[in-house]
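Visitor: Below: one structure in structure tokens.
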Amino acid sequence: MRRPVETLGVNLALWAVGLLTLFPLFWMVSASFMAPGEASTFPPPMLPRAATWANYRLLFAEHGIVRQVANSLLISLLATALSLLFNLTAGYAFAKLRFRGRDRVFRLLLGALVVPAQVTMMPLFLMLKEMGLVNSYAGALVPWLASVFGIYLVRQYALTIPDELLEAARMDGAGEWTTFTRVVLPLLKPILVTLAVLTFLGSWNDFMWPLIVLTEREVQTLPVALAVLSREHVQDVELMMAGAVITVLPVLLLFLLLQRYYMQGLLVGSVKG
Amino acid sequence: MRGSAIAWLFVAPALVAIAVFFVVPVAAALLLSVTDFDLYGLAGWHNVRFIGLDNYLHLLQRPLFWRALANTLFFVLVGVPASIGASLGAALLLHSPLARLKGIFRTALFAPVVTTLAAVAVVWRFLLHTRYGLVNHGLATLGLSPVDWLGDPRWAMPAIVLLSVWKNFGYNMIILLAGLSAIPADLYEAARLDGAGRWALLRHVTLPALGPILLMVSILTMSAHFQLFAEPYVMTLGGPAERTVTVLYLMYEDGFKWWSLGPASAVAFVLFLFMFAFTLLQARVARHTGAA
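Residue numbers (the numbering used here), protein chains in the order written: chain H, 1 to 273; chain A, 1001 to 1292.
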């Protein structure tokens, strides 16, 4: 090594930042295995004296959290499917198909990004109430149907498809829809996975809208149920940590599994300025 | 012309969904914000009256609105630089040719970004506990006295900044890392030949080259910071002494706790206005300083 002191410094700093960053997550897992009341002793323990599944058992047996796990899973999966359905065709069309007003409509869509989604929440709630969709999965799914970001993501990727491929398919007599499903979709696979991962994580982690539209326990998602539960059980640190682990673990694992796709979406998505 | 019609069919589902569930609600929110829609309105539309700009005028006379605005601006003005500073520091460390295990550290530092905000807010509420929290325990081992993070009006918002920096710095870190890798090596070579030291390289080569990315990152980060809600909802309920009531928290309480959906819509538009103004301001400042 040419510069041993500097090498040591850089790597020590990285280790320090890395450990500090992971510490809250480590403690969350550790405390979830502690006996009730153990985390609130002095000095605060890092590891459980005798690891126990009691908190998890309590969450599933008494608080029936399996219901909220199912809600979260179903809503996130449906949101992902819907988002793919709506955004893939639109993103591809904005990139590769010619129609009047295409670029103007696309610019208008990008312009809509400046309006924060919270502005829509009051009318959207009233609308769903009229339709009887408050406290239903459909109500939670409405904001995930189509998104400007999703369309943009797919469009940027679809722009790289060579026109010759599409022309060749049309020459062979394939209609637009066949061209899309047979030629384009396979080429869009990477961005399809990216959009799916981003949507799943986004809807799983979403908080404000589900909090508003899902007020009944039976339909609530994990983050909302956890927030409500943590307001009622301020003292039950260990129980809350088990709930946090159940909420965080699925998305963390999914991210680790599909990290490459997630990062790709992040980099494409951030160049929208 | 047939091709054009088919193309419209490809975009129609998405455009209809965005129109029905975004464009129409935005317009409806504007209308709602000039009515006195409240709990009675919820019972029937005949109880709703047009009241012009009264919601906006009342808002300006509410001390809690100004409190919420001040809290939100504190979070934006302290949180955004802190967050981007942390991202830049981490990106520079990861970019260093001397760093080992880069892939692992990149993943580790990014991990908080994908976690569920409501869940980690619950975790941090306990980490920040005055007596049993490990943050104060850490301070004590450094010889510092404990802080009543979530109970002291002066510390509650800084505590939320702390959580938010931890949760979000990985996101911008990845973007800045991509920016760092795109800086051509010969820029550094040329500066080194001119005798530039490490700080000079950072100040005169790295930061100017990152300029446009930093501008974009700061605009996106700022607009996200204006939308602070879940942290106070889970950790402080807006307290202590209303020091963590944010504009969005106010909108939620007005709209969905007291069912004053008219006034809540006015709050939403005021927030939108502030976000818009700050974005323009930032873009303009950047243009004048030559960052973009």
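Positions of the beta carbon are idealized from the N, C-alpha and C atoms, including for glycine.
Figure out for me which residue from H:Thr-215, H:Glu-62, H:Trp-209, H:His-233 has the closest Cα to the Cα of Thr-144 (chain H).
Guide: The displayed chain sequence assigns Trp, not Thr, to residue 144 (chain H). It is H:Trp-209 whose Cα lies nearest to the Cα of Trp-144 (chain H).
Visitor: Exposed or buried, which one is Val-5 (chain H) when buried takes at least 16 other CB atoms within 10 Å?
Guide: exposed
Visitor: How is the alpha helix (DSSP H) around Leu-141 (chain H) delimited, first residue to last?
Guide: Start and end: 137-141.
Visitor: Indicate whether at least one CB of chain A lies closer than 8 Å to the CB of Leu-124 (chain H).
Guide: yes
Visitor: Write down the C-beta distance between Thr-21 (chain H) and Trp-1166 (chain A) rounded to the nearest angstrom, noting that I regard them as a contact closer than 8 Å.
Guide: 7 Å
Visitor: Considering only residues of the stretch 1181-1237 of chain A, which uninterrupted alpha helix (DSSP H) runs meet the minimum length of 4 residues and lie entirely inside it, listed in chain order?
Guide: 1185-1193, 1198-1201, 1207-1225, 1230-1235
Visitor: Kindly indicate which three-state DSSP category Phe-106 (chain H) falls into: helix, strand or coil?
Guide: helix
Visitor: How would you list, in chain order, the residues of chain A whose beta-carbon sits under 7 Å from the beta-carbon of Pro-223 (chain H)?
Guide: Chain order gives the chain A residues near Pro-223 (chain H) as Thr-1116, Ala-1118, Ala-1119, where near means a beta carbon separation below 7 Å.
Visitor: In the DSSP output, what is Phe-1278 (chain A) paired with across the bridge?
Guide: In DSSP, Phe-1278 (chain A) forms no bridge with anything.
Visitor: Is the CB-CB distance between Phe-255 (chain H) and Thr-80 (chain H) below 8 Å?
Guide: no
Visitor: List the residues of chain H whose Cβ lies closer than 7 Å to the Cβ of Leu-1134 (chain A), in chain order.
Guide: By Cβ distance, chain H contributes Trp-27, Pro-44.
Visitor: By the three-class DSSP mapping on this structure, what secondary structure does Phe-1050 (chain A) have?
Guide: strand
Visitor: Output, in sequence order along the chain, the residues in the stretch 168-184 of chain H whose CB is closer than 7 Å to any CB in chain A.
Guide: Glu-176
Visitor: Just by C-beta distance, which residues in the stretch 1251-1279 of chain A are closer than 8 Å to chain H?
Guide: Met-1251, Tyr-1252, Gly-1255, Phe-1256, Leu-1261, Ala-1264, Ser-1265, Ala-1268, Phe-1269, Leu-1271, Phe-1272, Met-1275, Phe-1276, Thr-1279
Visitor: Pull up the distance between the alpha-carbon of Ile-65 (chain H) and that of Leu-1214 (chain A), whole angstroms please.
Guide: 42 Å
Visitor: Here's a check: name, in chain order, each residue in its chain whose Cβ is nearer than 8 Å to the Cβ of Ala-1292 (chain A), leaving out the five neighbours to either side.
Guide: Because the pLDDT of Ala-1292 (chain A) is 48, which lies under 50, any placement of that residue in the model is unreliable, and the question is left without a value.
Visitor: Name the DSSP bridge partner or partners of Thr-1035 (chain A)?
Guide: Per DSSP, the beta bridge partners of Thr-1035 (chain A) are A:Phe-1050.
Visitor: Give a yes or no on whether 8 Å exceeds the smallest Cβ distance from Ser-1181 (chain A) to chain H.
Guide: no
Visitor: Measuring alpha carbon to alpha carbon, tell me which residue in A:Phe-1021, A:Leu-1202, A:Arg-1154 is nearest Leu-128 (chain H).
Guide: A:Phe-1021
Visitor: Throw me the rounded Cβ distance for the Val-142 (chain H) and Leu-124 (chain H) pair, which I believe falls under 8 Å.
Guide: 7 Å
Visitor: If Met-1173 (chain A) and Ala-1121 (chain A) are in contact, beta carbons under 8 Å, what's the gap, nearest whole angstrom?
Guide: Not really, about 21 Å apart at Cβ, beyond 8 Å.
Visitor: So within the stretch 1091-1163 of chain A, which uninterrupted alpha helix (DSSP H) runs reach at least 4 residues, ignoring any that extend past its ends?
Guide: Runs found: 1102-1114, 1117-1127, 1134-1141.
Visitor: Can you confirm whether the stretch 1127-1145 of chain A touches the stretch 31-45 of chain H when touching is taken to mean that 3 or more C-beta pairs between the two stretches lie within less than 8 Å?
Guide: yes
Visitor: By DSSP, does Met-46 (chain H) sit in helix, in strand, or in coil?
Guide: coil
Visitor: Apart from the five residues on each side of it in sequence, which residues of its chain come closer than 7 Å, Cβ to Cβ, to Ser-40 (chain H)?
Guide: Val-237
Visitor: Just the Cα atoms here: how many angstroms apart are Leu-214 (chain H) and Pro-1184 (chain A)?
Guide: 51 Å
Visitor: Can you list, in chain order, the residues of its chain with a C-beta nearer than 8 Å to that of Leu-257 (chain H)? Leave out the 5 residues immediately preceding and following it.
Guide: none
Visitor: Along the alpha helix (DSSP H) that carries Phe-86 (chain H), what are the first and last residues, could you check?
Guide: 66-96
Visitor: Between the alpha carbons of Pro-1013 (chain A) and Ala-90 (chain H), how many angstroms are there, rounded?
Guide: The C-alpha of Pro-1013 (chain A) lies about 8 Å from the C-alpha of Ala-90 (chain H).
Visitor: Does Gly-150 (chain H) pass the burial test, meaning 16 or more other C-beta atoms within 10 Å, or should it be called exposed?
Guide: Taking every protein chain shown into account, the CB of Gly-150 (chain H) has 16 or more other CB atoms within 10 angstroms, so this residue is buried.
Visitor: Can you check whether the C-beta of Gly-273 (chain H) is within less than 8 Å of a C-beta belonging to chain A?
Guide: Annotation note: pLDDT 34 at Gly-273 (chain H) (below 50); position unreliable, coordinate value reported separately. Interface residue, yes.
Visitor: Going along the stretch 197-210 of chain H in order, which residues come within less than 8 Å of chain A, judged by CB to CB distance?
Guide: Leu-201, Trp-204, Asn-205, Phe-207, Met-208
Visitor: Check whether the Cβ of Phe-1074 (chain A) lies closer than 8 Å to any Cβ atom in chain H.
Guide: no
Visitor: Closest to Lys-96 (chain H) by CA distance: which of A:Ser-1004, A:Ala-1086, A:Gly-1151 is it?
Guide: A:Ser-1004
Visitor: Kindly list, in the order they appear in chain A, the residues whose Cβ is closer than 8 Å to that of Tyr-92 (chain H).
Guide: Under the 8 Å cutoff, chain A gives Phe-1010.
Visitor: Please confirm if Val-142 (chain H) has its CB atom under 8 Å from at least one CB of chain A.
Guide: yes
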